[in-house]
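Number of protein chains: 4
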Amino acid sequence: MISDSTIQAIREFTDERDWGQFHTPVNLAKSICIEAAELLECYQWTPEAPAAESEHAQEELADVLMYCIMMADALEIDMDDIIMHKLSKTKQKYPATAVRDNFEEYEARHLAARRLHRNAE
Amino acid sequence: MISDSTIQAIREFTDERDWGQFHTPVNLAKSICIEAAELLECYQWTPEAPAAESEHAQEELADVLMYCIMMADALEIDMDDIIMHKLSKTKQKYPATAVRDNFEEYEARHLAARRLHRNAE
Amino acid sequence: MISDSTIQAIREFTDERDWGQFHTPVNLAKSICIEAAELLECYQWTPEAPAAESEHAQEELADVLMYCIMMADALEIDMDDIIMHKLSKTKQKYPATAVRDNFEEYEARHLAARRLHRNAE
Amino acid sequence: MISDSTIQAIREFTDERDWGQFHTPVNLAKSICIEAAELLECYQWTPEAPAAESEHAQEELADVLMYCIMMADALEIDMDDIIMHKLSKTKQKYPATAVRDNFEEYEARHLAARRLHRNAE
Chain H
106 MISDSTIQAI REFTDERDWG QFHTPVNLAK SICIEAAELL ECYQWTPEAP
156 AAESEHAQEE LADVLMYCIM MADALEIDMD DIIMHKLSKT KQKYPATAVR
206 DNFEEYEARH LAARRLHRNA E
Chain D
106 MISDSTIQAI REFTDERDWG QFHTPVNLAK SICIEAAELL ECYQWTPEAP
156 AAESEHAQEE LADVLMYCIM MADALEIDMD DIIMHKLSKT KQKYPATAVR
206 DNFEEYEARH LAARRLHRNA E
Chain X
106 MISDSTIQAI REFTDERDWG QFHTPVNLAK SICIEAAELL ECYQWTPEAP
156 AAESEHAQEE LADVLMYCIM MADALEIDMD DIIMHKLSKT KQKYPATAVR
206 DNFEEYEARH LAARRLHRNA E
Chain Z
106 MISDSTIQAI REFTDERDWG QFHTPVNLAK SICIEAAELL ECYQWTPEAP
156 AAESEHAQEE LADVLMYCIM MADALEIDMD DIIMHKLSKT KQKYPATAVR
206 DNFEEYEARH LAARRLHRNA E
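Here it is in structure tokens:
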């Protein structure tokens, strides 16, 4: 889990350095992207990260999460709330009984819808 | 916070669709990057997301978080643990008393170290 | 421009190191993402990159371009061809006379279409 | 190659829509990231893009390249120049004779240097 005390520790870390002034939504969105790419770098040339990289992957994931926590603060939202809200929408889009054992059809439908959309938008 | 019940809801969502087979670390690292970029897209041309986009930004942040939760499961780690571990390292790197009101010097030092590193690595 | 001699220099660089074996489309797509994020990092906290970073930004852009050239080779396509093909589609989507001085309406329509799509896909 | 006439066609496309006002380096860096992630999305769940997606991958690569061309214009640099300059530095870092058949050692050294750097920076 990500507990309230962890979130509080991040807020104190930010406040002690007076870094809240840099934490606009756009700067945090950039930062999440940058750290997500550093996480991906652990798997750049091989599907499996080299063993020596496993601690590194954990640290990069932690960086992504820290910026997400700061972003939730900047947007004044609760992470549990937005996740459960989105999960509920995603469940409707991908009903379990229909999806199960039928990933390819769903993926193809998803990609076809996206292509259609790109041409139409 | 992100509670254990939210994490459990995501695990059930995955299991009901038999999607765990796709949740390798590399696939999840790609997915975090993809969703992070969709979040950034809300701020592509303006520092402020248009009002109509604020719900959209919340949903994209939720997507990033959901894939991070799945990644933590794939790496068999606890999110609180890795965040607190990384926060402790970051605190040593950026001592509050030294950093405060001195962001530019720290940023310049950080960037200089990175340049040096890139040439040397 | 990006001349044929530059493309040839990159192919020779790759061949001399026997790195073609790593240049699958998925690995190159990851690499383009990783380098794009390093370019973004030059602008992480300020809209303007610090002066000392301008050479750095050029190098990161060069990295993105080098991986794009390798990707075009992996997909066996010509960069001029795909750019002109896509440009022609984009021109139809955003007619100059309609778009000019009306960016906001087009952006709103684009975002509305995307939201609609996300719910429907 | 990417010819001068292709670059000129992109400049005209931009000018006809008066979109140069949005093409600041930071906005273009964001845009390159966003399109790079859309390219990666073609390979999100499988190392090989589904056949129906191959045209899609070409279009996403074209989008990345178009924003790179606009970025080169915004930074007032020539793409051939920065690529050849960076290639020359990369050749020194990875000498062909030493690298060949020895990728793992080089990759390990690269990752170790990066870890060291992250702790020290």
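Residue numbers (our numbering), protein chains in the order written: chain H, 106 to 226; chain D, 106 to 226; chain X, 106 to 226; chain Z, 106 to 226.
Backbone N, C-alpha and C define an ideal beta-carbon position, used for all residues, glycine too.
Predicted model only: the values in this text are computed from it and were never measured.
Query                                                                                                                                                           : Result
Quick check on Ser136(H): buried or exposed, where buried means 16 or more other Cβ atoms within 10 Å of its Cβ?                                                : buried
From Glu226(X) to Gln197(H), what distance separates their C-alpha atoms?                                                                                       : At Glu226(X), the pLDDT of 44 sits below 50, so the modelled position is not reliable; the number obtained from the coordinates is stated separately. Near 11 Å, if we compare the C-alpha coordinates of Gln197(H) and Glu226(X).
Between the region 152-166 of chain Z and the region 124-139 of chain Z, do three or more beta carbon pairs fall short of 8 Å?                                  : no
Have a look at the DSSP bridge pairing and note the partners of Ile187(Z).                                                                                      : Partner(s): none; Ile187(Z) has no beta bridge.
Please check if any C-beta of chain X sits within less than 9 Å of the C-beta of Lys191(D).                                                                     : no
Would you list the one or two residues that DSSP bridges to Ile107(H)?                                                                                          : Ile107(D)
What span of residues does the alpha helix (DSSP H) with His161(H) cover, start to end?                                                                         : Ser159 to Ala179
Does the beta carbon of Leu170(D) come closer than 9 Å to any beta carbon on chain Z?                                                                           : no
Going by CA-CA distance only, name the one from Cys173(D), Ala141(D) and Asp178(D) that's closest to Glu146(Z).                                                 : Ala141(D)
Pairing CB atoms from the region 188-203 of chain H with CB atoms from the region 164-181 of chain D, are three or more of them under 8 Å?                      : yes
Show which residues of chain Z have a CB atom less than 7 Å away from the CB atom of Gln163(X).                                                                 : Leu180, Ile182 and Ile187
Would Ser193(H) pass as a contact of Met106(D) if the rule is Cβ separation under 9 Å?                                                                          : no
What is the DSSP secondary structure of Glu226(X), reduced to helix, strand or coil?                                                                            : The pLDDT assigned to Glu226(X) is 44, lower than 50, so where the model puts this residue is not dependable, and the model offers no usable value.
Identify whether Thr195(H) lies in helix, strand or coil by the three-state DSSP scheme.                                                                        : helix
So if I threshold CB-CB distances at 9 Å, which residues from the region 114-139 of chain X count as touching chain D?                                          : Val131, Ala134, Lys135, Cys138 and Ile139
How many angstroms separate the CA atom of Cys138(H) from the CA atom of Tyr172(Z)?                                                                             : 17 Å
Alpha carbon to alpha carbon, what distance is there between Ala114(H) and Glu121(H)?                                                                           : 11 Å
In the region 143-160 of chain Z, which residues sit with their C-beta less than 8 Å from some C-beta in chain D, listed in chain order?                        : Glu143, Leu145, Glu146, Tyr148, Gln149 and Trp150
Take the Cβ of Gln163(X) as the centre, count every other Cβ of all protein chains shown within 10 Å, and call the residue buried at 16 or more, exposed below. : buried
Examine chain X for any beta-carbon lying closer than 9 Å to the beta-carbon of Lys194(Z), and answer yes or no.                                                : yes
DSSP state of Glu153(H), grouped into three classes?                                                                                                            : coil
Determine the closest residue to Val204(D) out of Arg205(H), Ile112(H) and Asp123(H), with distance taken between C-alpha atoms.                                : Asp123(H)
In whole angstroms, what is the alpha-carbon distance linking Glu181(H) and Asp178(Z)?                                                                          : 38 Å
Beta-carbon of Ala203(X) versus every beta-carbon of chain H: anything under 9 Å?                                                                               : no
Could you check how far apart the C-beta atoms of Thr119(D) and Met184(D) are, in whole angstroms? I think they sit under 8 Å.                                  : Not a contact, Cβ separation roughly 16 Å.
Which term fits Glu143(X), buried or exposed, when burial requires 16 or more other beta carbons within 10 angstroms of its beta carbon?                        : buried
Any Cβ of chain Z within less than 9 Å of the Cβ of Ala177(D)?                                                                                                  : no
For Ile112(X), name the three-state secondary structure that DSSP assigns.                                                                                      : helix
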